[in-house]
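Residue numbers (our numbering): 9 to 256.
What follows is a set of notes on a single structure, which appears directly below.
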Ligand code: NAP
């Protein structure tokens, strides 16, 4: 029996990177998995078919996490298909980096919409079914730059810091309903998002990481499995850093 057997998980942005690693890990741990994609339908369907062939219960949904209405339709569809949602992972995210002097209003708005408003959208709609089921675990993917900031990422850092305040407030509101809400703050994880970093920037970050390497998407997925499972039944309102010690 897996760590997540019998649980239904909804994961946003599961087509690539950290989200895809979470989808794989949750399926391997026995969860039924609903996950979303936006612009990568082939990758999403290939992942779903591969895991289905190895026995997983899994479905991919096209849904823009930044849209309140699409989030509502998505949650209704997942409930229709899977009957319940035990774990919600708000993972979808983007970067639009620029120095503050050059940052456009569009770059600010887009990042705040996709990285922060999405967390509100999905949590808002998934909360009622969780409360009805008398339990749930919400996991929000923030970032270490939401904790200590980063030059060139004022928009992204603000969104990721917003997630931390949101997580703590929601945890306080819904703890009495046995719904937990935690955040994960990854450091530098090897995905498409960090491939955009220059070698010079990577070297700079590496020098500040006690474990002296970038992280792997799997290593974030392991912490999600812990927070989604009953192993963390007494953990809520917390931010777990998965950053090789960078945030120390
Ligand atoms: P990634 O490789 O760029 O993947 C992003 C994922 O988000 C894709 O599956 C993408 O789907 C999805 N997505 C983007 N916009 C979406 C939207 N509006 N609606 C639904 N899905 C959307 O990024 P990643 O590195 O895996 O990052 C995943 C999360 O971890 C993000 O929240 C990111 O901020 C956070 N994080 C990453 C790092 C890192 O070092 N990589 C560090 C700290 C935090 P499509 O391709 O289908 O559009």
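Note that the Cβ used here is the ideal one computed from N, Cα and C, for glycine as well.
Model, not experiment: these values are computed from the prediction.
When DSSP builds the beta bridges, which residues end up paired with residue 189?
On the chain shown, residue 189 is found 181 positions in, with the first residue counted as 1. According to DSSP, residue 189 bridges with 146.
Residue 16 bridges to which residues according to DSSP?
Counting from 1 along the chain shown, the entry for residue 16 is found at position 8. Per DSSP, 40.
Within the continuous beta strand (DSSP E) that includes residue 95, where are the two ends?
Taking the chain shown and counting its residues from 1, the one referred to as residue 95 is at position 87. 95 to 98 is the extent of the beta strand (DSSP E) around residue 95.
Using only CA atoms, which one of 216, 67, 239, 200 lies nearest to residue 52?
Working through the chain shown from its first residue, we reach residue 52 at position 44. Among 216, 67, 239, 200, the Cα nearest to that of residue 52 is on 67.
Quick one: Cα of residue 233 to Cα of residue 161, how far?
In the chain shown, counting from the first residue as 1, residue 233 sits at position 225. In the chain shown, counting from the first residue as 1, residue 161 sits at position 153. The alpha-carbon atoms of residue 233 and residue 161 are separated by roughly 29 Å.
Answer yes or no: do residue 179 and residue 245 have a C-beta to C-beta separation smaller than 8 Å?
As a first step, residue 179 is located in the chain shown; it is residue number 171 there, counting from the start. As a first step, residue 245 is located in the chain shown; it is residue number 237 there, counting from the start. Their beta carbons are under 8 Å apart, which means residue 179 touches residue 245 by this criterion.
For my contact list, residue 46 and residue 77 are in at a C-beta cut-off of 8 Å; report their separation, rounded to the angstrom.
Here residue 46 refers to the residue found at position 38 when the chain shown is read from its first residue. Here residue 77 refers to the residue found at position 69 when the chain shown is read from its first residue. So it is not a contact: roughly 15 Å between Cβ atoms.
What residues match up with residue 250 in a beta bridge as DSSP calls it?
The residue given as residue 250 occupies position 242 in the chain shown. Paired residues: 194.
Looking at residue 201 and the ligand NAP, is the gap between the Cβ and the nearest heavy atom below 7 Å?
In the chain shown, residue 201 corresponds to position 193, counting from 1. Yes, Cβ of residue 201 sits closer than 7 Å to a heavy atom of the ligand NAP.
So within the segment 114 to 163, which uninterrupted beta strand (DSSP E) runs reach at least 3 residues, ignoring any that extend past its ends?
Qualifying beta strand (DSSP E) stretches, in chain order: 144 to 149.
Using the DSSP secondary-structure output, state which residues sit across from residue 70 in a beta bridge.
Working through the chain shown from its first residue, we reach residue 70 at position 62. Answer is 45.
Determine the direct distance from the alpha carbon of residue 218 to that of residue 96, and round the result to whole angstroms.
Taking the chain shown and counting its residues from 1, one reaches residue 96 at position 88. Taking the chain shown and counting its residues from 1, one reaches residue 218 at position 210. The alpha-carbon atoms of residue 96 and residue 218 are separated by roughly 31 Å.
Tell me whether the segment 169 to 176 and the segment 206 to 224 touch, counting them as touching only if at least three CB pairs, one residue from each stretch, are closer than 8 Å.
Segments in contact, no.
Just checking my contact of residue 126 with residue 85 at CB under 8 Å: how many whole Å lie between their CB atoms?
Counting from one through the chain shown, the residue named residue 126 turns up at place 118. Counting from one through the chain shown, the residue named residue 85 turns up at place 77. With 8 Å as the limit, residue 126 and residue 85 do not qualify as a contact, their Cβ atoms being about 17 Å apart.
Does the distance from the C-beta atom of residue 274 to that of residue 39 stay below 8 Å?
One cannot answer for residue 274 here, as it falls past the ends of the chain, which runs 9 to 256.
Can you find the residues in the same chain that come closer than 7 Å, C-beta to C-beta, to residue 177, ignoring five residues on each side of it along the sequence?
Along the chain shown, read from residue 1 onward, the residue named residue 177 stands at position 169. Around residue 177: no qualifying Cβ.
Using the Cα positions of residue 81 and residue 34, report the straight-line distance between them to the nearest angstrom.
Translated into positions along the chain shown, residue 81 becomes position 73. Translated into positions along the chain shown, residue 34 becomes position 26. Whole-angstrom Cα-Cα distance: 23 Å.
Should residue 22 be counted as a contact of the ligand NAP given a C-beta to heavy atom distance under 7 Å?
Translated into positions along the chain shown, residue 22 becomes position 14. Yes; taking the cut-off as 7 Å, the Cβ of residue 22 has a heavy atom of the ligand NAP nearer than that.
Could you check where the alpha helix (DSSP H) with residue 88 kicks off and where it finishes?
Residue 88 sits at position 80 when you count from the first residue of the chain shown. Here the alpha helix (DSSP H) through residue 88 covers 76 to 90.
Can we count residue 44 as close to the ligand NAP, meaning its CB is less than 7 Å from some heavy atom?
Position 36 of the chain shown holds residue 44. Within the cutoff, so yes.
Suppose contacts are defined by Cβ-Cβ distances below 8 Å. Is residue 18 in contact with residue 42 by that definition?
Position 10 of the chain shown, counted from the first residue, corresponds to residue 18. Position 34 of the chain shown, counted from the first residue, corresponds to residue 42. Cβ atoms of residue 18 and residue 42: closer than 8 Å.
Please determine whether the Cβ atom of residue 155 lies at a distance below 7 Å from any heavy atom of the ligand NAP.
By 1-based counting over the chain shown, the position of residue 155 is 147. Not under cutoff, so the answer is no.
If residue 98 and residue 131 are in contact, beta carbons under 8 Å, what's the gap, nearest whole angstrom?
Working through the chain shown from its first residue, we reach residue 98 at position 90. Working through the chain shown from its first residue, we reach residue 131 at position 123. Confirmed, about 7 Å.
Can you tell me which of the three DSSP states residue 106 falls into?
As a first step, residue 106 must be located in the chain shown, where it is residue number 98. DSSP places residue 106 in strand when its eight states are reduced to three.
When DSSP labels each residue in this structure, what does residue 101 get in the three-state scheme?
Taking the chain shown and counting its residues from 1, the one referred to as residue 101 is at position 93. Three-state result, residue 101: coil.
To the nearest angstrom, how far is it from the Cα of residue 187 to the Cα of residue 142?
Counted from its first residue, the chain shown places residue 187 at position 179. Counted from its first residue, the chain shown places residue 142 at position 134. Rounded to the nearest angstrom, the two C-alpha atoms are 7 Å apart.
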